[in-house]
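Peer 1:
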Amino acid sequence: MLAAENSIAGIDACIAHGIDMVEVDLRTTRDGQLVLMHDERVDRTTNGEGAVADLTAVQIASLRIRAEGGGAQAAVTAWHPPTFAQALAAAHGKTLINLDIKAASLDQVMDEVQAAGAQRDVLMNVPLDAPASAIERAHRAGIALQVLYEQRQSQHTPEQAFRMAAAMQPAALQLMFDDVSVIDSARRIGHGQIRLFVNTMSNDIASGKPMNLSGDFTDARALRAPNAIWGALRARGISMIQTDQPLRLVQYLRSADRTSAADP
């Protein structure tokens, strides 16, 4: 891990290492401010206690972030939980921010993106049932959308879901699947116009339990055989990979691209 999750240090580290995109999680404070926090409560990732929705932005800003995956035994860093506006400023023009909106209004998120002039700096994650008005506003504002498809939880077949997603004109389609044929279905329906995004993280950072987000395509396996995991995903049309091993992935991609360029 380059730095603690949802921190300015994490964004800065991604920029320094040439990482194309960093995910952040958005929640709303008691007084209506957007802050970066993965969990509903601040307990795991900071030296504080309580639900984000019960704390003010000032109270959250006074906390300090715990290192790496957090927890009571993790070291307390010098970093404070940032606001969304601070994260946008840190990333502006330097790396893309993948917005995982945990508990926040899509309109408020877009308000802050537009106020910061950061329309080209974000990829906004939306569900298939996102309000049409929010989708239309995002397109008018030039905010790129990413639609999430979770095979285990979806009431639709992959084909049905991907046609619905395509109608939303997203820049990317994030796939969570058990059956790898889901990728092929998405590629056919997207006609190469929609980027395909997968997660290869092996274990949940909080619990340590397997995440099982992309079948057998995991970081743990990729570290042993990157071409069989990351390379195989690229060969199937995946152009965006979210990982807990960004430096190893970048190293692999650069090496693979050099090898490809050298081939006659």
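In my numbering, the protein residues as written are 0 to 263. Cβ coordinates follow ideal geometry from the N, Cα and C atoms, glycine included.
Using C-beta distances below 8 Å, list every residue in its chain close to T82, excluding the 5 sequence neighbours before and after it, in chain order.
Peer 2: Q32, L33, V34, L35, A56 and A60
Peer 1: Which one or two residues does DSSP pair with P209 in a beta bridge?
Peer 2: N202
Peer 1: Where does the unbroken alpha helix (DSSP H) through A164 begin, and where does it stop?
Peer 2: P157 to A166
Peer 1: Assign R119 to one of three DSSP states: helix, strand, or coil.
Peer 2: R119 falls in the helix class under three-state DSSP.
Peer 1: Would you say S6 and I64 are within 7 Å of each other, going by their C-beta atoms?
Peer 2: yes
Peer 1: In its own chain, which residues sit with a C-beta less than 6 Å from the C-beta of Q173, not counting the 5 before and 5 after it?
Peer 2: Q145, L147 and F196
Peer 1: From the DSSP output, which residues share a beta bridge with E22?
Peer 2: N97
Peer 1: Comparing alpha-carbon positions, which option in A234, S238, G230 and D53 lies nearest S254?
Peer 2: Measuring C-alpha to C-alpha distances from S254 to each of A234, S238, G230 and D53 identifies G230 as the nearest.
Peer 1: Nearest by alpha-carbon distance to A171: which of V179, D177 and G189 is it?
Peer 2: G189
Peer 1: Under the rule that 16 or more other beta-carbon atoms within 10 Å means buried, what is G9, buried or exposed?
Peer 2: buried
Peer 1: Going by the CB atoms, is the gap between D99 and E22 shorter than 7 Å?
Peer 2: yes
Peer 1: Would you say the region 214 to 223 touches the region 243 to 253, given that touching needs at least three Cβ pairs under 8 Å?
Peer 2: yes
Peer 1: Assign E4 to one of two classes, buried (16 or more other C-beta atoms within 10 Å of its C-beta) or exposed (fewer than that).
Peer 2: buried
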